[in-house]
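Participant: Can you keep this structure in mind? I'll have questions shortly.
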Amino acid sequence: MTPCAECGAAVGSRACGDLFHVLLALDHERQAPWGPLHGVSVSCFLFQHPSRLPADDGAMAWALLHAYLEGGLDEVNQLVGQARRGNSHRVKGVPSRVACEAVLPRRDAPPARFSVTIEDVAVDGTFPAEEFAERVRAWAGATVDAWSHCT
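Note that the UniProt record's numbering has the sequence shown beginning at 1, numbered continuously upward.
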């Protein structure tokens with residue numbers, strides 16, 4: 001097994017990107033437990049594979065991870081709702097407390113390893129529904145924890 005160059009996962013026959021595509025297919029079915037955790041899963045993957053971070057350096061993804069860890073899906077849904085409303089020229093909203101307080105980590109020295117990766121969340125490559133939410137919570141926690149030690 002060759003470790004992933006970005007997250008350090010000991011990937012077997014499937015690379016992290018391949019696992020991510022399997023997860024996205026499940027997410028886009030919009031069924032629990034995968035669909036509701038789509039934004040969290042994407043945010044974890046992006047911060048564990050920083051070469052894929054968007055032009056905003058992952059500001060929204062970082063805020064979303066903090067929202068999830070601090071308030072669960074309710075807080076994530078509130079943050080996403082505010083972002084959607086903020087995209088409208090008709091609405092002037094106040095950013096969520098979590099989005100304001102989630103200081104973006106420096107990207108110049110990303111972590112080399114994470115204690116939980118997409119490989120762990122995938123289990124056998126199929127992202128089983130049983131305990132999926134718990135594995136995603138651990139993934140989010142490991143992602144934030146590793147990056148927090150880089151700042």
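Just so it is clear, CB atoms sit at the ideal spot from N, CA and C, and this is done for glycine as well.
(1) Can you tell me the Cα-Cα spacing of serine 43 and glutamine 78, whole angstroms?
(2) Whole angstroms is fine: what's the gap from valine 123's alpha carbon to tryptophan 62's?
(3) Using the three-state DSSP reduction, which class does proline 36 fall into: helix, strand or coil?
(4) For alanine 133, which option in Trp147, Ala146, Ala109, Leu69 has the closest C-alpha, if you only look at C-alpha atoms?
(5) Tell me the DSSP secondary structure of threonine 126 in three-state form.
(6) Just the C-alpha distance for phenylalanine 127 and arginine 85, rounded to the nearest angstrom, thanks.
(7) Flag this pair as yes or no: are the beta carbons of histidine 49 and cysteine 16 separated by less than 8 Å?
(8) Could you tell me the distance, in whole angstroms, from the CA atom of glutamate 130 to the CA atom of serine 41?
Facilitator: Checking against the coordinates, here is how it stands:
(1) Position 43 of the sequence shown, counting from 1, holds the residue named residue 43. Position 78 of the sequence shown, counting from 1, holds the residue named residue 78. A direct Cα-Cα distance of roughly 16 Å separates serine 43 from glutamine 78.
(2) The residue you call residue 123 lines up with position 123 of the sequence shown. The residue you call residue 62 lines up with position 62 of the sequence shown. When rounded, the separation of the alpha-carbon atoms in valine 123 and tryptophan 62 is 24 Å.
(3) Start at 1 with the first residue of the sequence shown, and residue 36 comes out as number 36. DSSP places proline 36 in helix when its eight states are reduced to three.
(4) To locate residue 133, count along the sequence shown from 1; it is residue 133. Cα-wise, what sits closest to alanine 133 is Leu69.
(5) Position 126 of the sequence shown, counted from the first residue, corresponds to residue 126. It is coil, neither helix nor strand.
(6) Here residue 127 refers to the residue found at position 127 of the sequence shown. Here residue 85 refers to the residue found at position 85 of the sequence shown. Those two C-alpha atoms are separated by around 32 Å.
(7) For the purposes of this step, residue 49 is taken as residue 49 along the sequence shown, with counting starting at 1. For the purposes of this step, residue 16 is taken as residue 16 along the sequence shown, with counting starting at 1. Their beta carbons are under 8 Å apart, which means histidine 49 touches cysteine 16 by this criterion.
(8) Reading the sequence shown from its first residue, position 130 is the one you call residue 130. Reading the sequence shown from its first residue, position 41 is the one you call residue 41. Cα to Cα, the separation comes out at about 16 Å.
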